[in-house]
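**Q**
Residue numbers (this note's numbering): 1 to 212.
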């Protein structure tokens, strides 16, 4: 009996994994296209080819589904980015340039996950809901890493000593998020790689120009 039960359990687990994957990918696409507050559970279920009841079965609520999306985005976007920026033997300006290059590749490889995170940071309302706090926590991780890079760069003389750390880190994130949103908005109207290269080169040259 145990041997015959195992395949059934595996099939059930695979079905669950497939259904959750279809729902999360559909939710990513719809949030990017319409916004979290504008898309309904019915929209997500239909886009996934499942019933609205499936969402309640696997996630219990729309907010829990969003929290799952944020966990996925953090694991696939933010964790690799922070690991990449933690690599040694690079100057602060090089790490800042690398920030733009690395996230541009993420934008190509996982556009909906990256854009979902950016759009949710815009849609956050009161800052008191669980999902809003999760978005804030994720962004605080990014700010913290960038601030560390700036402080280290100032200590080594790689960046101007008068450069305000928190404000500059915020500017990097704002530039990045605006770049990705504009890239998405323009669709195929511009060369994405050239656009990203233009942004980070202009940004970096501005830093070094101020230092000089």
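The C-beta atom is built at its ideal place from N, Cα and C for all residues, glycine as well.
Report the CB separation of residue 175 from residue 203 in whole angstroms; it is logged as a contact under 8 angstroms.
**A** To locate residue 175, count along the chain shown from 1; it is residue 175. To locate residue 203, count along the chain shown from 1; it is residue 203. Yes, residue 175 and residue 203 are in contact; Cβ-Cβ is about 6 angstroms, under 8 angstroms.
**Q** Is the beta carbon of residue 110 closer than 7 angstroms to that of residue 76?
**A** In the chain shown, residue 76 corresponds to position 76, counting from 1. In the chain shown, residue 110 corresponds to position 110, counting from 1. It is a contact, given that the beta carbons lie within the stated cut-off.
**Q** Would residue 116 and residue 31 qualify as a contact pair, given that the criterion is a beta-carbon distance under 7 angstroms?
**A** Within the chain shown, numbered from 1, the residue matching residue 116 stands at position 116. Within the chain shown, numbered from 1, the residue matching residue 31 stands at position 31. Yes.
**Q** Just mark residue 113 as buried or exposed, buried being the case when its beta carbon has 16 or more other beta carbons within 10 Å.
**A** Counting from 1 along the chain shown, the entry for residue 113 is found at position 113. When all chains shown are included, residue 113 counts as buried.
**Q** Taking just the CA atoms, how far does residue 14 sit from residue 50?
**A** One-based indexing of the chain shown puts residue 50 at position 50. One-based indexing of the chain shown puts residue 14 at position 14. Whole-angstrom Cα-Cα distance: 16 angstroms.
**Q** Give the list of continuous alpha helix (DSSP H) stretches no shorter than 4 residues that lie fully inside the stretch 56-131.
**A** 62-73, 79-85, 92-109 and 111-123
**Q** Have a look at residue 107 and residue 180 and give me their C-alpha separation to the nearest angstrom.
**A** Counting from one through the chain shown, the residue named residue 107 turns up at place 107. Counting from one through the chain shown, the residue named residue 180 turns up at place 180. Roughly 7 angstroms between the two C-alpha positions.
**Q** Report the rounded CA-to-CA distance for residue 96 versus residue 146, giving the unit in angstroms.
**A** Counted from its first residue, the chain shown places residue 96 at position 96. Counted from its first residue, the chain shown places residue 146 at position 146. The alpha-carbon atoms of residue 96 and residue 146 are separated by roughly 8 angstroms.
**Q** So residue 27 and residue 44 are supposed to be a Cβ contact under 8 angstroms. How far apart are they, rounded?
**A** Start at 1 with the first residue of the chain shown, and residue 27 comes out as number 27. Start at 1 with the first residue of the chain shown, and residue 44 comes out as number 44. Yes, they are in contact, since the Cβ atoms of residue 27 and residue 44 sit about 5 angstroms apart, within 8 angstroms.
**Q** Measure the C-alpha to C-alpha separation of residue 83 and residue 169 and round it to an integer number of angstroms.
**A** Taking the first residue of the chain shown as position 1, residue 83 is located at position 83. Taking the first residue of the chain shown as position 1, residue 169 is located at position 169. Answer to the nearest angstrom: the Cα atoms are 17 angstroms apart.
**Q** Pick helix, strand or coil for residue 38, following the three-state DSSP scheme.
**A** For the purposes of this step, residue 38 is taken as the residue at position 38 of the chain shown. Reduced to three states, the DSSP call for residue 38 is coil.
**Q** Roughly how many angstroms separate the alpha carbons of residue 134 and residue 79, rounded to a whole number?
**A** As a position in the chain shown, residue 134 is number 134, starting the count at 1. As a position in the chain shown, residue 79 is number 79, starting the count at 1. C-alpha separation (whole angstroms): 14 angstroms.
**Q** What distance in whole Å lies between the Cβ atoms of residue 41 and residue 131, which are believed to be in contact at a cut-off of 8 angstroms?
**A** Counting from one through the chain shown, the residue named residue 131 turns up at place 131. Counting from one through the chain shown, the residue named residue 41 turns up at place 41. Contact flag wrong, Cβ pair sits at about 15 angstroms.
**Q** Please report the straight-line C-alpha distance between residue 73 and residue 35, rounded to a whole angstrom.
**A** In the chain shown, the residue the question calls residue 73 occupies position 73. In the chain shown, the residue the question calls residue 35 occupies position 35. Computed Cα separation, rounded: 16 angstroms.
**Q** Give every residue of the same chain whose Cβ lies closer than 7 angstroms to the Cβ of residue 186, excluding the five residues on either side of it in the sequence, and list them in chain order.
**A** Sequence index remark: in the chain shown, residue 186 carries index 186 (1-based). If we look at residue 186 and ignore the five residues flanking it on each side, it has no Cβ neighbours.
**Q** State yes or no: is the C-beta of residue 92 within less than 7 angstroms of the C-beta of residue 159?
**A** Taking the first residue of the chain shown as 1, we reach residue 92 at position 92. Taking the first residue of the chain shown as 1, we reach residue 159 at position 159. Cβ atoms of residue 92 and residue 159: closer than 7 angstroms.
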